[in-house]
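Remarks on the structure that follows.
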Amino acid sequence: MTERTIHALGEAYRRGDTTPTAVTEAYLARIEKFDGHVGAYLTVTREPALRAAAAADARHRARAPLGPLDGVPIALKDVLCTKGIRTTCGSKILESFVPPYDATVVARLAAAGAVVLGKTNMDEFAMGSSTEHSAFKPTRNPWDLARVPGGSSGGSAVAVAAHLAAGAFGTDTGGSIRQPAAFCGTVGLKPTYGRVSRYGLVAFASSLDQIGPFAKNVRDAALLLQAIAGHDPHDATSVAAPVPDYAAALDGRVHGLRAGIPREYFAEGVDPEIARAVRAAIETLRGLGVATEEVSLPTTGYALAAYYLIAPAEASSNLARYDGVKYGLRVPGGKDLIEMSSRTRAAGFGAEVKRRVMLGTYALSAGYSEAYYGRAQKVRTLVRRDFETAFARVDLLLAPTTPNVAFKHGEKEDPLAMYLNDALTIPVNLAGLPGLSVRCGFTAAGLPIGLQLIGKPFDEATLLRVADAYERATTWLAREPALP
Amino acid sequence: MITRQDVEHVARLARLELGDAEIERMREQLNAILGYIDKLRELDVTNVEPTSHAVPLVNVMREDEVVPCLSQDQMLANAPDRVGELFRVPRIIED
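Residue numbers (this note's numbering), protein chains in the order written: chain A, 1 to 484; chain B, 1 to 95.
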C-alpha cells in the first residue's frame, strides 16, 4: 500500500479499492516499524492525521474529493509552520515552539485534502547538506544506513524514499531539496523563486529560499507542485504569473526540445561514476528526440563562494529574531538584555548555525561589507547572466545534481568540505531558477545518482515533461532500498 | 586574516557568547572559509550591477485595510517570560 504513487492512490480511492484511513494507518504502522532505523520524523501527528483521513474518507464516499491530493499522506519539513503543531527547525532554540498559524503551503495542502503524517528532520535552520546538523538526531539514508541522506531536507527525502510518506515537502536555499533527492533516489523539485509562497516558512536566506516537493515519481511531483504554486498576498515576493496545469505537461512530447550540457558541471571533482550515469541519461534523452549542445556557464566555479557570503549575511539578519524574548528558548540569569540574548543564542544554536551567523555578521560589518557582501552580489549578477546567455540558445540544461553520491556519517567534519557538496546546485538558487533532480542510475556500490534539470524562470513544466519522459524510458524506479 | 579580537568583536555584534576554545576554533574555520571565498577577487566586477534578488520586483502595494490578526494571547503564547500582556526582559535602564 505504501509503495503506491499519489497518482495510483487517487485511482484506488476513486475505485473504492481502499480508503484514506486505511492508507494513513498503513503509513503510520510503517513509520512505527522503520522510522527508528532511519529517523526521518521529528514529530508524528497521528491523531490529526487520522482525523484528516476520516474526513477524506467521507468526501471520497460522497464521490466529491477535493482533488488529486485528497486523502494522500504527506510529510512536512519541520521548517514549515503548522498551527498548533510544534515546529523546531531542527534547533534547540525552537524546541518548544508551537506556531499560531499555518504556512500558506500548509493551508493549501489542507485545502487540497492532504493528510499530514508529521514533521521531518533537517539540518538546523536548513543549514547543512547531511542532516547531521539537526539538534535532535541524525537521519540515515535508506540505501545504506551508514550514509547520510543529504540535507538540509534529509528527513523529507528519506520519508519518501523509504515509503514513510506518499510525498513530502522541503526547502531549497542552495540545494536542500535537490541534493537529498539525489542522495536518496527520489524526485526533488526546487521551483522558481517566487513560484511558491514563503509565508510561514521560517526564513534562512530570504532571497534564495523556496519550498518544493519530494515525490516517488515525476507525475507525483507535478501534482504536489500544483497544490502549492501561485501568488499569495501574504508573501510580497511571490509572483502573480499564471500557474499551468503541470500534469498536462506530462505528455511525452520532448522531440525537438534543445538541452544545453554545461561543460563546467562535469569538471574535475565530479565523481566519474556520476558523470558516466548523467552522460548516459543525456544519451537516452537524445534517443527521445531532445537535441543537445554543449554550453558554458563560466562563473560556475565562483557561485559557491558568492553563496557563502550572501546566504550567511541574510541568515545573520533573519536569525537575529531569536533573542530569548518573543518565543523559543531563554537562558535566564543575564545581567542585562544583551547578556541574556547572547547566552540564549549560545545555548540554543548549534555549531554550524553559529558559524554562519558569524560569517554573515562579519561579511556585513563595517569596513568589510563592500569587499565581501557587495562583491558577492555582483558575482551573483554574473551567475545570472551566464544562465541568461545559455537560455537564449536552449530550453533547459542537463547536469549532475551533485559531484558525489551519499557520503558516510561523520565523513565531512570540515565545514568547507561539506559546503563543496552543493557546488552544482547553488548557482540555480543564485539565479532563482527551477531545478529538478531525478534518479538516473546507481553506483557500483548501489547508491542512487541524480540527474539535474535546470529550467528558465517559471518553466517548471518543461522540467517535469522531460524528467517524466526520461523516467518512463528507463527502469531505475524498479529498485527499492532494503530496510532492516 | 581574522584575529581573535575580530572574532570577539563579531560575536558581540551577533549576540553570541563564545567560550575560549570556541573563539579559537571559529577563528580557524572563518579564516579557512574566507580563504576560499577570496577567489571572488579573481573576477572583474567593474561596472557590474549587484543582484539582491533573483526576480526583479518593484514595491508591492495593497490597500491599507483593517483585517483580523492574531490575538494578543496567541502572540504571547510562545513567550518564555510573560507578565500579563507583556514580554518580560532583564532590566535595560538603570533606576
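All C-beta atoms in this analysis are idealised placements derived from N, C-alpha and C, irrespective of residue type, glycine included.
Run of the beta strand (DSSP E) containing residue i, from where it starts to where it stops
{"i": "valine 383 of chain A", "result": "No beta strand (DSSP E) holds valine 383 of chain A; the alpha helix (DSSP H) holding it covers 375 to 391."}
{"i": "aspartate 172 of chain A", "result": "167 to 172"}
{"i": "glycine 350 of chain A", "result": "Note, glycine 350 of chain A: premise wrong, no beta strand (DSSP E); not H, not E."}
{"i": "lysine 77 of chain A", "result": "73 to 77"}
{"i": "leucine 43 of chain B", "result": "Counting along the chain, leucine 43 of chain B falls outside any beta strand (DSSP E), and DSSP gives it neither H nor E."}
{"i": "leucine 398 of chain A", "result": "396 to 400"}
{"i": "leucine 189 of chain A", "result": "187 to 190"}
Where residue i falls: helix, strand or coil (DSSP)
{"i": "cysteine 69 of chain B", "result": "coil"}
{"i": "phenylalanine 214 of chain A", "result": "strand"}
{"i": "alanine 229 of chain A", "result": "strand"}
{"i": "alanine 40 of chain A", "result": "coil"}
{"i": "arginine 91 of chain B", "result": "coil"}
{"i": "isoleucine 177 of chain A", "result": "coil"}
{"i": "valine 55 of chain B", "result": "coil"}
{"i": "valine 196 of chain A", "result": "strand"}
{"i": "valine 428 of chain A", "result": "helix"}
{"i": "alanine 26 of chain A", "result": "helix"}
{"i": "alanine 21 of chain B", "result": "helix"}
{"i": "glycine 360 of chain A", "result": "helix"}
{"i": "methionine 1 of chain A", "result": "coil"}
{"i": "tyrosine 36 of chain B", "result": "helix"}
{"i": "aspartate 245 of chain A", "result": "coil"}
{"i": "methionine 1 of chain B", "result": "coil"}
{"i": "threonine 237 of chain A", "result": "coil"}
{"i": "methionine 26 of chain B", "result": "helix"}
{"i": "threonine 344 of chain A", "result": "helix"}
{"i": "glutamate 32 of chain A", "result": "helix"}
Beta-bridge partners of residue i, as assigned by DSSP
{"i": "asparagine 31 of chain B", "result": "Beta-bridge pairing links asparagine 31 of chain B to no other residue."}
{"i": "threonine 292 of chain A", "result": "A:Ala259"}
{"i": "lysine 408 of chain A", "result": "A:Arg147"}
{"i": "threonine 82 of chain A", "result": "A:Ile85"}
{"i": "leucine 250 of chain A", "result": "According to DSSP, which records beta bridges pairwise, leucine 250 of chain A is partnered with nothing at all."}
{"i": "arginine 82 of chain B", "result": "B:Phe87"}
{"i": "leucine 201 of chain A", "result": "A:Leu80"}
Backbone CA spacing between residue i and residue j [nearest angstrom]
{"i": "alanine 240 of chain A", "j": "glycine 230 of chain A", "result": "7 Å"}
{"i": "cysteine 184 of chain A", "j": "threonine 2 of chain A", "result": "17 Å"}
{"i": "aspartate 154 of chain A", "j": "glutamate 94 of chain B", "result": "Here residue 154 of chain A turns out to be glycine, not aspartate, going by the sequence shown. If I take the Cα positions, the gap works out to 48 Å."}
{"i": "methionine 41 of chain B", "j": "arginine 465 of chain A", "result": "Reading off the sequence, residue 41 of chain B comes out as arginine, not methionine. Cα to Cα, arginine 41 of chain B sits roughly 40 Å from arginine 465 of chain A."}
{"i": "leucine 34 of chain B", "j": "threonine 474 of chain A", "result": "43 Å"}
{"i": "valine 89 of chain B", "j": "valine 83 of chain B", "result": "10 Å"}
{"i": "asparagine 78 of chain B", "j": "glycine 175 of chain A", "result": "31 Å"}
{"i": "arginine 198 of chain A", "j": "alanine 58 of chain A", "result": "31 Å"}
{"i": "glycine 360 of chain A", "j": "alanine 11 of chain B", "result": "11 Å"}
{"i": "glycine 39 of chain A", "j": "arginine 140 of chain A", "result": "6 Å"}
{"i": "glycine 324 of chain A", "j": "valine 254 of chain A", "result": "54 Å"}
{"i": "leucine 250 of chain A", "j": "proline 233 of chain A", "result": "30 Å"}
{"i": "methionine 1 of chain B", "j": "asparagine 31 of chain B", "result": "6 Å"}
{"i": "leucine 28 of chain A", "j": "threonine 45 of chain A", "result": "9 Å"}
{"i": "tyrosine 373 of chain A", "j": "alanine 12 of chain A", "result": "53 Å"}
{"i": "arginine 15 of chain B", "j": "histidine 9 of chain B", "result": "10 Å"}
{"i": "alanine 431 of chain A", "j": "leucine 285 of chain A", "result": "25 Å"}
{"i": "isoleucine 93 of chain A", "j": "aspartate 78 of chain A", "result": "13 Å"}
{"i": "arginine 195 of chain A", "j": "glutamate 480 of chain A", "result": "32 Å"}
{"i": "lysine 456 of chain A", "j": "serine 341 of chain A", "result": "43 Å"}
{"i": "valine 58 of chain B", "j": "asparagine 121 of chain A", "result": "36 Å"}
{"i": "leucine 164 of chain A", "j": "threonine 43 of chain A", "result": "13 Å"}
{"i": "aspartate 271 of chain A", "j": "aspartate 38 of chain B", "result": "26 Å"}
{"i": "arginine 393 of chain A", "j": "threonine 192 of chain A", "result": "20 Å"}
{"i": "alanine 306 of chain A", "j": "proline 312 of chain A", "result": "10 Å"}
{"i": "isoleucine 85 of chain A", "j": "glycine 128 of chain A", "result": "24 Å"}
Bounding residues of the alpha helix (DSSP H) (the contiguous stretch that carries residue i)
{"i": "alanine 259 of chain A", "result": "First-last for alanine 259 of chain A: 258 to 262, but that is the beta strand (DSSP E), not the alpha helix (DSSP H)."}
{"i": "threonine 284 of chain A", "result": "272 to 287"}
{"i": "glycine 10 of chain A", "result": "6 to 15"}
{"i": "leucine 416 of chain A", "result": "415 to 420"}
{"i": "glutamate 47 of chain A", "result": "46 to 61"}
{"i": "leucine 13 of chain B", "result": "4 to 13"}
Residue i: CB within 6 Å of a non-hydrogen atom of the ligand PLP
{"i": "leucine 257 of chain A", "result": "Annotation note on the ligand PLP: not contained in the displayed structure, which lists no ligands."}
Practice task
Could you pull out every unbroken alpha helix (DSSP H) segment of at least 4 residues lying fully inside the stretch 92 to 174 of chain A, listed in chain order?
Solution key: 104 to 111 and 154 to 161
Practice task
Starting from the N-terminal side, write out each stretch of the beta strand (DSSP E) that is 3 residues or longer and does not extend beyond the stretch 430 to 469 of chain A.
Solution key: 435 to 442 and 448 to 455
Practice task
Give, in chain order, every unbroken run of the beta strand (DSSP E) that is at least 3 residues long and sits entirely within the stretch 295 to 339 of chain A.
Solution key: none
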